[in-house]
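Start counting at 1 in the sequence shown, then tack on 1337, and there's your number in the numbering used here.
Working notes for the structure below.
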Amino acid sequence: MQLHFSPSMRSITISSNNGFIDLMKIKVAACHISYRTLFHTILILAFLLPFVFILTALVTLEGVNKCSSFDCLGRRLGPKLLGRVDDPARLVRDLYNILNEVKTGEIPSALELPDSFDQLVSDMKNNQYDAKTFAFMLRGMMQKFEREIRESKFSELMNKHFAASSVPKGIHCLSLRLTDEYSSNANARKQLPPPELLPTLSDNSYHHFIVSTDNILAASVVVTSTVQSSQKPENIVFHVITDKKTYAGMHSWFALNPVTPAIVEVRGIHQFDWLTRENVPVLEAVENQNGIRNYYHGNHFTGTNLSDTNPYKFASKLQARSPKYISLLNHLRIYIPELFPNLDKVVFLDDDVVVQRDLSPLWEIDMNGKVNGAVETCRGDDQWVMSKHFRNYFNFSHPLVAQHLDPDECAWAYGMNVFDLRAWRTTNIRETYHTWLKENLRSNLTMWKLGTLPPALIAFKGHVHPIGPSWHMLGLGYQNKTDIESVRKAAVIHFNGQSKPWLQIGFDHLRPFWNKYVNYTNDFVRNCHILDS
């Protein structure tokens, strides 16, 4: 800061140090000013100069040094000198106040919401909206996009449910072609197993596996993977149970594609004399009751308030409405002791599993008098898959459920189970299963809604022997983030969930574990365009 006196003492100039900006210039009439007055003026200016210097420094630090005129500096200094500081903090506070006001207010009905950010910017320029109107537009746009995303997510879940419930064209083709082959090819109708091997079907020195399914390709993967992973495949006997419409095709497949030295038996439900209406009354009611069929086959959007649920809960409800849950094949496992009266111990496998390790050690497990050897699903590294308790399956607001069950009791998994049939035959497991199934029907499916596992959790209560989790890895049909190394180490991997490996919605990084056991060179597979993908 510099102070200049003109030679005539008629003017005083205050300028910046670099001399480019004149901050103040005072003209003095020589004839009317005394030296005393001049002295006092200089004294006052000397007192004010430090404050002017400080303000100038502050403005310079804020970027005002780019100003090229005193007028610019004045415009910047004026609000500060008058106490009107338009600082960023105040602007943020004002914005918060506007947003809080808009959050609870009604969006004006006349306000037209833009469809994109570019349109929003264009509308702001053309219409000169104030801050409040702008906030209303932002709120309206966000609500609109959230609603569209939500509806899109529910539509995606519904489409996925339909995809999971349908039969792929290639698998349907395979069943039709093999059924036709059964009627025209004597080799496809040959007895399974051959007459000389029939005694093995009830020989307890063999390791007996049971799988019930109407999916021929899935059954072939279960059988092939089990045999190829076994150290002694000659000790394996497979009992494949299917429905009447699939029986011919299933028989043709295993007759034309033997898995020697293992033994395979194929039987249809209609070939079991024990499965009569008298012995299976509840399942008859489940399949024929209109209300039940509408629940599983009807419009799944009807009666559903999407605003009161979230996609995760909606997906669970859809999975619970899979038509397979009213299939007799899915309930068949509860009748194994009666269907195989001469067997003492069996391993039951679901049709969506792949066996990767020799399972013969399962026959050496001491069950301690228990009936069901199963992996518990309430503890494990995967907190999503392995965190299931009774509360995850039952409606504890129902008085019967609350009275008889503990919500914190650990659940266990279907899909790979060791059944001690001798111990089972001494219990009332089947009767308990029927009783609770009837109660749920009478309660209009309000006690549980997820298929066959909940009544089995009750029926086998006190009869379960936990086995190591490495025997049975679950969740490959709904857990996209499954650890690949854990998959490789598991004895049995289970694609439970909607994303089955034979469907297009299956997970690409997990499908190879299933594909490796599909015979893609088979003529029927190739002709039905079931390709290795």
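Cβ atoms here follow ideal geometry from the backbone N, Cα and C, with glycine treated the same way.
What you are looking at is a predicted structure, and each value in this text was computed from that prediction instead of being measured.
Give me the Cα-Cα distance between L1448 and M1474, rounded to the nearest whole angstrom. Roughly 8 Å between the two C-alpha positions.
Would you mind giving the Cβ-Cβ distance between I1804 and V1712, rounded to the nearest angstrom? I have them listed as a contact below 8 Å. Rounded, the Cβ-Cβ distance is 6 Å, consistent with contact.
Residue environment, V1722, which counts as buried when at least 16 other CB atoms sit within 10 Å: When all chains shown are included, V1722 counts as buried.
Straight-line CA distance for H1846 to N1856? Rounded to whole angstroms, H1846 to N1856 spans 19 Å at the Cα level.
Apart from the five residues just before and just after T1789, which ones in its own chain have a Cβ nearer than 6 Å to its Cβ? Excluding sequence neighbours, T1789 sits near N1667, H1668.
So, helix, strand or coil for W1611, using DSSP? The three-state secondary structure of W1611, taken from DSSP, is coil.
Quick check on the DSSP output: the beta strand (DSSP E) that includes P1803 runs from which residue to which? Per DSSP, P1803 belongs to the beta strand (DSSP E) from 1801–1803.
Within 8 Å, strictly: CB atoms of S1567 and D1687: No, they are not a contact pair.
Three-state secondary structure (DSSP) at L1410? The pLDDT assigned to L1410 is 49, lower than 50, so where the model puts this residue is not dependable, and the model offers no usable value.
Local Cβ density within 10 Å of V1564, reported as buried at 16 or more and exposed below that: Buried.
Please say whether G1814 and G1799 have beta carbons closer to each other than 8 Å? Not closer than 8 Å, so no.
Spatial neighbours of H1576 within its chain, please: CB distance less than 6 Å, with the 5 preceding and 5 following residues excluded, ordered by chain position. So the list reads I1547, E1602, once near-sequence residues are dropped.
Inter-residue spacing [alpha-carbon to alpha-carbon] between V1862 and A1592: Roughly 15 Å separates the two Cα atoms.
Spatial neighbours of R1670 within its chain, please: C-beta separation below 6 Å, excluding the five flanking residues on both sides. Hits under 6 Å: F1685.
Do I1508 and L1554 count as a contact pair if the criterion is CB distance below 8 Å? A contact, by the Cβ cut-off of 8 Å.
Spatial neighbours of D1797 within its chain, please: CB distance less than 7 Å, with the 5 preceding and 5 following residues excluded, ordered by chain position. Per the sequence shown, the amino acid found at residue 1797 is Phe instead of Asp. If the five residues before and after F1797 are omitted, its C-beta is found closer than 7 Å to the C-beta atoms of V1708, N1709, I1766, all from its own chain and listed in chain order.
For F1685, the first and last residue of its enclosing beta strand (DSSP E): Secondary structure note for F1685: its beta strand (DSSP E) is the uninterrupted segment 1682–1686.
Is it true that the region 1722–1735 meets the region 1755–1770, where meeting means three or more beta-carbon pairs spaced less than 8 Å apart? The region 1722–1735, when compared against the region 1755–1770, does not touch it at the 8 Å Cβ threshold.
Of the choices D1551, F1471, E1518, whose alpha-carbon is the least far from that of V1504? Per the Cα distances, D1551.
Does DSSP put T1714 in a helix, a strand or coil? It is coil, neither helix nor strand.
Where C1865 sits in the DSSP three-state scheme: For C1865, the secondary structure class from DSSP, reduced to helix, strand or coil, is coil.
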